[in-house]
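Engineer:
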Amino acid sequence: MAMPERLRALARALTLPLAVTLALEAFARTLGQHSDALAPPSLAVLAWWRAALDGSLWAATGFTLSSAALGLGLGMAGGISLGTLLGLSRRAAAMGFLSIELLRPVPSVALIPIAMLVFGFGLSMEVSVIAFATFWPMLLLAQSAVRQLHPRLLEVAAALQLSALQRLRLIVLPAVLPRLFVALRLGVAVALVVAVTVEIAANPSGMGYALMIAQQSLDPALMMAWQAWIGVIGYAINAAAEGLQQAVARRMGAVS
Numbered sequence: 002m003a004m005p006e007r008l009r010a011l012a013r014a015l016t017l018p019l020a021v022t023l024a025l026e027a028f029a030r031t032l033g034q035h036s037d038a039l040a041p042p043s044l045a046v047l048a049w050w051r052a053a054l055d056g057s058l059w060a061a062t063g064f065t066l067s068s069a070a071l072g073l074g075l076g077m078a079g080g081i082s083l084g085t086l087l088g089l090s091r092r093a094a095a096m097g098f099l100s101i102e103l104l105r106p107v108p109s110v111a112l113i114p115i116a117m118l119v120f121g122f123g124l125s126m127e128v129s130v131i132a133f134a135t136f137w138p139m140l141l142l143a144q145s146a147v148r149q150l151h152p153r154l155l156e157v158a159a160a161l162q163l164s165a166l167q168r169l170r171l172i173v174l175p176a177v178l179p180r181l182f183v184a185l186r187l188g189v190a191v192a193l194v195v196a197v198t199v200e201i202a203a204n205p206s207g208m209g210y211a212l213m214i215a216q217q218s219l220d221p222a223l224m225m226a227w228q229a230w231i232g233v234i235g236y237a238i239n240a241a242a243e244g245l246q247q248a249v250a251r252r253m254g255a256v257s
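Here the working numbering is used: the first residue of the sequence shown is 2, the next is one more, and so on.
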C-alpha cells in the first residue's frame, strides 16, 4: 500500500475516535462538569502523564504484562501439547472428552478463591488463573488444527518410518503452525483480559488494581487514563502478534 493510501486509511480510522473524544471533552466541560464518573479527556492525558512521570504507570503495566505472559506461556505449553496428542489419537480424545467438557465451561474468575488459598496474593495466584483461562482455547484450537491435517502427510511419515518425535517436529508442527498463530492471537487477548479482571477482583497489583484505586479515590481523570492505557496496550499486543504471524507466514512461504 502506498504511503498516501496508508495516510488516508489512518485518517479514516481515526475519524470516529477523534469525534467521540471531542464530544466527550465538550460534554465533560459543560453538562457533565460536576460528574464523579467522567472527566475531560485532556485531564485524563495529564493524569496519564503524571502516572508516567512518577513511575506508577510502568510498574503496574510491567506487573500485568509479566503475569499475562507467564500465564499465557503455561497455558500455551499445556494446551498445545495436550491438544496435539488428542488430535493425533482419537482414542485419547474420546477418553478425555467428558473431563474437558466439564472443566472447559468453568469461568476462570471462579478459580480466584481457590488460587488465593493455594498461592495467596501476588504473581503466582494471577498466573495460575490466566493459565487456566488460556489453556482451553489453546487445547481446542490445537486439537482442531491437528485433526485437519491431510492424511497423506501422516502416510508419508509412516512410509519414512519416522519416530513419534520426528513426526511431530517435521510433519505435524510445520503443517499446523499457521493455525496455531490464530490460537496465539486469541490467547493473548484472553490473557490480558483475565489479568486485568483478576487485579480488579482480588490481586492488589497491576493495571486493574490501579484502575480500581482511581475509581475508589473518585479520580475519574486517572480512571479514564488507565482505561485508555489498557486499551492501547491491548491494541499494541494484538498488532505485535499479527505482525509476528505475518512474518512467520512470509518466512514459510519463502522457504517453500
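Don't be surprised by glycine CBs; every beta carbon is placed ideally from N, CA and C.
Find out if the Cβ-Cβ distance for the pair residue 112, residue 133 is shorter than 8 Å.
Structural biologist: Yes, the Cβ-Cβ distance between residue 112 and residue 133 is below 8 Å.
Engineer: What separation, rounded to the nearest whole angstrom, lies between the Cα atoms of residue 42 and residue 87?
Structural biologist: Distance between the alpha carbons of residue 42 and residue 87: 50 Å.
Engineer: What three-state label does DSSP hand residue 183 in the structure shown?
Structural biologist: Reduced to three states, the DSSP call for residue 183 is helix.
Engineer: Can you find the residues in the same chain that come closer than 6 Å, C-beta to C-beta, to residue 186, ignoring five residues on each side of it along the sequence?
Structural biologist: Correct list, in chain order: 242.
Engineer: Does DSSP classify residue 239 as helix, strand or coil?
Structural biologist: Correct three-state label for residue 239: helix.
Engineer: Counting C-beta neighbours from all protein chains within 10 Å, is the total for residue 76 16 or more, i.e. buried, or is it exposed?
Structural biologist: Buried, since its Cβ has 16 or more Cβ neighbours within 10 Å.
Engineer: Would you call the CB atoms of residue 89 and residue 146 closer than 8 Å?
Structural biologist: No, Cβ-Cβ distance for residue 89 and residue 146 is not below 8 Å.
Engineer: May I ask you to report which of helix, strand or coil DSSP gives residue 220?
Structural biologist: It is coil, neither helix nor strand.
Engineer: Who are the Cβ neighbours of residue 45 in its own chain at under 7 Å, not counting the five residues just before and after it?
Structural biologist: For residue 45, where only same-chain residues beyond five positions count, the Cβ hits under 7 Å are 222, 225, 226, 229.
Engineer: Look at residue 240 and residue 57 and say whether their C-beta atoms are less than 8 Å apart.
Structural biologist: No. Outside cutoff.
Engineer: Mind checking residue 193: buried by the 16 CB within 10 Å criterion, or exposed?
Structural biologist: Classification of residue 193: buried, given that the 10 Å Cβ count is 16 or more.
Engineer: Please report the distance separating the alpha-carbon of residue 139 from that of residue 38.
Structural biologist: When rounded, the distance between both Cα atoms is 38 Å.
Engineer: For the ligand ATP, is there any heavy atom lying closer than 7 Å to the beta carbon of residue 245?
Structural biologist: The ligand ATP is absent from the structure shown, which contains no ligand whatsoever.
Engineer: For residue 64, count neighbouring Cβ atoms within 10 angstroms of its own Cβ and tell me buried if that reaches 16, exposed if not.
Structural biologist: Classification of residue 64: buried, given that the 10 Å Cβ count is 16 or more.
Engineer: Taking C-alpha atoms, which residue in 204, 49, 174, 40 lies nearest to residue 231?
Structural biologist: Minimum Cα distance to residue 231 is reached at 49.
Engineer: Starting from residue 172 and walking both ways along the alpha helix (DSSP H), at which residues does that stretch end?
Structural biologist: Here residue 172 belongs to no alpha helix (DSSP H), and DSSP marks it neither H nor E.
Engineer: In chain order, what residues of the same chain lie with their CB nearer than 8 Å to the CB of residue 11, ignoring the 5 residues before and after it?
Structural biologist: Excluding residues within five positions, none has a Cβ falling inside 8 Å.
Engineer: For residue 115, count the other beta carbons within 10 Å of its own beta carbon; 16 or more makes it buried, fewer makes it exposed. Which is it?
Structural biologist: Exposed is the call here.
Engineer: From residue 35 to residue 19, what does the alpha carbon distance come to, in whole angstroms?
Structural biologist: Distance between the alpha carbons of residue 35 and residue 19 is about 23 Å.
Engineer: Using 8 Å as the threshold, is the C-beta distance between residue 131 and residue 68 below it?
Structural biologist: Against a cut-off of 8 Å, the Cβ pair of residue 68 and residue 131 comes out as a contact.
Engineer: Report all residues from its chain with a CB closer than 6 Å to the CB of residue 124; omit the five preceding and five following residues, and keep chain order.
Structural biologist: Answer for residue 124: 68, listed in chain order.
Engineer: Whose C-beta lies closer than 6 Å to the C-beta of residue 137 among residues of the same chain, with five residues either side of it excluded?
Structural biologist: Around residue 137: 105.
Engineer: Would DSSP call residue 188 helix, strand or coil?
Structural biologist: Residue 188: helix per DSSP, three-state reduction.
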